[in-house]
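K.L.:
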Amino acid sequence: MRIDLVSIFPGYFDVLELSLMGRAKRKGLIDVRVHDLRDAAHDRHRTVDDTPAGGGAGMVMKPEPWGEVLDGILSEAASAAGAGGGGEAGSAVPGGTPQAGERAEQAAEQAETPSPEEPLIVFPSPAGEVFDQRMARELAGERHLVFGCGRYEGIDQRVFDEYAERGRVRLVSIGDYVLNGGEVAAIAMIEAIARLVPGVVGNPESLVEESHEAEGLLEYPSYTKPAEWRGRSVPPVLLSGDHAAVEAWRREQRIERTRRVRPELLPRELRGEARGRHAAD
Ligand code: 6GU
Numbered sequence: 001m002r003i004d005l006v007s008i009f010p011g012y013f014d015v016l017e018l019s020l021m022g023r024a025k026r027k028g029l030i031d032v033r034v035h036d037l038r039d040a041a042h043d044r045h046r047t048v049d050d051t052p053a054g055g056g057a058g059m060v061m062k063p064e065p066w067g068e069v070l071d072g073i074l075s076e077a078a079s080a081a082g083a084g085g086g087g088e089a090g091s092a093v094p095g096g097t098p099q100a101g102e103r104a105e106q107a108a109e110q111a112e113t114p115s116p117e118e119p120l121i122v123f124p125s126p127a128g129e130v131f132d133q134r135m136a137r138e139l140a141g142e143r144h145l146v147f148g149c150g151r152y153e154g155i156d157q158r159v160f161d162e163y164a165e166r167g168r169v170r171l172v173s174i175g176d177y178v179l180n181g182g183e184v185a186a187i188a189m190i191e192a193i194a195r196l197v198p199g200v201v202g203n204p205e206s207l208v209e210e211s212h213e214a215e216g217l218l219e220y221p222s223y224t225k226p227a228e229w230r231g232r233s234v235p236p237v238l239l240s241g242d243h244a245a246v247e248a249w250r251r252e253q254r255i256e257r258t259r260r261v262r263p264e265l266l267p268r269e270l271r272g273e274a275r276g277r278h279a280a281d
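Numbering follows the UniProt record's numbering, in which position 10 of the sequence shown is assigned residue number 10; successive positions increment by one, without gaps.
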C-alpha cells in the first residue's frame with residue numbers, strides 16, 4: 001500500500017517510524033511519503049493561508065499549494081500505473097495486480113468514472129463522515145491513500161470540489177471533538193488501516209478477537225502472572241485449565257462490558273443474555 005501525506009508539519013509523521021508501522025515501512029508493506037505543503041508556496045514567506053472570503057475569524061488554507069502538491073502526487077501515481085507497475089507493495093493487496101490495474105485504468109478512462117485502482121484522497125476533517133473499524137477495513141483494501149491534512153479553519157472548498165470531480169475524495173472525522181489539524185487524525189487512521197494490511201501484524205489471529213471485530217463487542221479483560229497482586233486475584237476460571245469455561249467467561253465479560261460502556265454496540269440478539277447468567281451464578 002502506498003500512503004502520501006500532505007501537511008505543513010511533516011514532523012508529525014515521524015512517529016510512523018516506530019513500532020509496527022516502522023517495521024511495515026521497512027518491510028516494504030507500506031510505502032509512506034510525506035510532502036511539505038509549504039514547498040508549494042512560492043512567495044517569500046511561503047504563505048499557505050489567507051483570510052476567509054465573506055469575513056469571520058481564523059484563516060483558510062489557500063487552494064494553489066494544495067493543487068500543486070496533489071496534482072504532483074496524482075500525476076506520479078498515474079504514470080507509475082501507466083508504466084505497468086502497481087507499486088512494490090501493491091501485490092500485498094487483493095486486486096492489486098498490474099493487469100487488473102491496467103484494465104481498471106482503461107475502463108475508467110472510457111467511462112470517466114473514478115476507479116478503485118485510482119488513489120483515494122482522504123481529507124481529515126471534523127465535518128467528515130466518522131471513521132470506524134468498518135471504514136478501516138474498507139480503506140485497507142486500497143492501493144494508494146493520500147491524506148491531505150489541513151490546519152487553521154480549514155481548506156478552501158474548491159480543493160475538495162476539484163479532486164472530487166477528478167477522482168475519489170472522502171472527508172473523514174475521527175470523532176466528535178476538535179483537533180488543531182488533520183495530522184493526528186491521519187496518524188490514528190493510518191495505524192488502524194495499516195494493521196489490517198496482510199503481513200503488518202505478525203499474528204493475524206490477534207486481529208480477530210479485538211474490540212470491534214468479533215461480533216462488534218468490546219474486548220474481555222486480560223490478566224497475566226502473578227496469580228495474586230496487591231490482594232487482587234486473577235479470576236480462578238482463567239487458571240482452571242477448562243478451555244470451554246474460559247471461553248464462556250470471556251464472552252460473558254465482553255457482553256457485560258459492552259452493555260455497561262457502549263450499549264449502542266450490543267447486537268439485538270444479545271440484549272438480555274449475560275445478565276440472566278450472572279443471576280444464575
Ligand atoms: Cl479528522 N480533524 C480535526 N481537525 N479535528 C477532528 C478530526 C479531524 N476528527 C475529529 N476531530
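Ideal Cβ positions, reconstructed from N, Cα and C, are used throughout, including at glycine. Since we're looking at a predicted model, the values are computed, not measured.
1. Kindly list the residues whose CB is nearer than 6 Å to the CB of Trp249, restricted to its own chain and excluding five residues on each side of it in sequence; keep chain order.
2. Please go through the same chain and pick out, in chain order, the residues whose beta-carbon is closer than 7 Å to the beta-carbon of Phe131, but skip the five residues on each side of it.
3. Helix, strand or coil: which one does DSSP assign to Met135?
4. Tell me whether Tyr177 counts as near the ligand 6GU, meaning its Cβ is closer than 6 Å to at least one heavy atom of that ligand.
5. Contact defined as beta carbons within less than 8 Å: I believe Ile121 pairs with Gly167. What is the distance between those atoms, to the nearest angstrom?
6. Look at Ile30 and Met61 and say whether their C-beta atoms are less than 7 Å apart.
7. Assuming Ala53 and Thr47 form a contact by the criterion Cβ under 8 Å, report the distance between their Cβ atoms to the nearest whole angstrom.
8. List in chain order: all unbroken alpha helix (DSSP H) runs of 4+ residues lying wholly within the stretch 192 to 233.
9. Is the closest heavy atom of the ligand 6GU to the C-beta of Ile193 under 6 Å?
10. Please go through the same chain and pick out, in chain order, the residues whose beta-carbon is closer than 6 Å to the beta-carbon of Gly87, but skip the five residues on each side of it.
11. Mark Thr224 as exposed unless 16 or more other C-beta atoms lie within 10 angstroms of its C-beta, in which case mark it buried.
12. Would the beta-carbon of Met59 fall within 7 Å of that of Ala194?
13. When the Cα atoms are used, what is the spatial distance from Pro116 to Glu142?
14. By Cβ distance below 7 Å, which residues in the same chain neighbour Asp156 in space, the five residues on each side in sequence not counted?
15. Can you determine whether any heavy atom of the ligand 6GU sits closer than 6 Å to the C-beta of Ala185, and answer yes or no?
16. Just to check, is the beta-carbon of Ile121 closer than 6 Å to a non-hydrogen atom of the ligand 6GU?
17. According to DSSP, is Glu153 part of a helix, a strand, or is it coil?
18. From Gly272 to Tyr220, what does the alpha carbon distance come to, in whole angstroms?
19. Do you know how far the Cα of Ala140 is from the Cα of Ile73?
20. Applying the criterion that 16 or more other CB atoms from any shown protein chain within 10 Å of the CB defines a buried residue, is Leu5 buried or exposed?
P.N.:
From the atom records:
1. Here residue 249 refers to the residue found at position 249 when the sequence shown is read from its first residue. Cβ neighbours of Trp249 beyond the five flanking positions: Val237.
2. Along the sequence shown, one-based indexing puts residue 131 at 131. Cβ within range, chain order: Val172, Ser173, Ile174 and Met189.
3. Start at 1 with the first residue of the sequence shown, and residue 135 comes out as number 135. Correct three-state label for Met135: helix.
4. Taking the first residue of the sequence shown as 1, we reach residue 177 at position 177. Yes, Cβ of Tyr177 sits closer than 6 Å to a heavy atom of the ligand 6GU.
5. The residue labelled residue 121 in the question sits at position 121 within the sequence shown. The residue labelled residue 167 in the question sits at position 167 within the sequence shown. Correct: roughly 7 Å between the Cβ atoms.
6. For the purposes of this step, residue 30 is identified with residue 30 of the sequence shown, where counting begins at 1. For the purposes of this step, residue 61 is identified with residue 61 of the sequence shown, where counting begins at 1. No, the pair does not count as a contact, with Cβ atoms beyond the cut-off.
7. In the sequence shown, the residue the question calls residue 53 occupies position 53. In the sequence shown, the residue the question calls residue 47 occupies position 47. Actually they do not touch by this definition, with Cβ atoms about 16 Å apart.
8. 205 to 208
9. Locating residue 193 in the sequence shown gives position 193, where the first residue counts as 1. No.
10. In the sequence shown, counting from the first residue as 1, residue 87 sits at position 87. Residue confidence for Gly87 is low, a pLDDT of 43 falling below 50, so the modelled location carries little weight; the figure read from the coordinates is stated next. These residues qualify, in order along the chain: Arg2.
11. Taking the first residue of the sequence shown as position 1, residue 224 is located at position 224. The residue is exposed, with fewer than 16 neighbouring Cβ atoms inside 10 Å.
12. One-based indexing of the sequence shown puts residue 59 at position 59. One-based indexing of the sequence shown puts residue 194 at position 194. No, Cβ-Cβ distance for Met59 and Ala194 is not below 7 Å.
13. For the purposes of this step, residue 116 is taken as residue 116 along the sequence shown, with counting starting at 1. For the purposes of this step, residue 142 is taken as residue 142 along the sequence shown, with counting starting at 1. Using only the alpha carbons, I get a separation of about 7 Å.
14. In the sequence shown, counting from the first residue as 1, residue 156 sits at position 156. Within the same chain, Asp156 has close Cβ partners Val60, Met61, Lys62 and Pro63.
15. Counting from one through the sequence shown, the residue named residue 185 turns up at place 185. Ala185: yes, Cβ under 6 Å from the ligand 6GU.
16. Against the sequence shown, residue 121 aligns to sequence position 121. No, Cβ of Ile121 sits at least 6 Å from all heavy atoms of the ligand 6GU.
17. For the purposes of this step, residue 153 is identified with residue 153 of the sequence shown, where counting begins at 1. It is coil, neither helix nor strand.
18. On the sequence shown, residue 272 is found 272 positions in, with the first residue counted as 1. On the sequence shown, residue 220 is found 220 positions in, with the first residue counted as 1. If I take the Cα positions, the gap works out to 18 Å.
19. Mapped onto the sequence shown, residue 73 falls at position 73. Mapped onto the sequence shown, residue 140 falls at position 140. Cα to Cα, the separation comes out at about 20 Å.
20. Counting from one through the sequence shown, the residue named residue 5 turns up at place 5. With 16 or more Cβ atoms within 10 Å of its Cβ, Leu5 is classed as buried.
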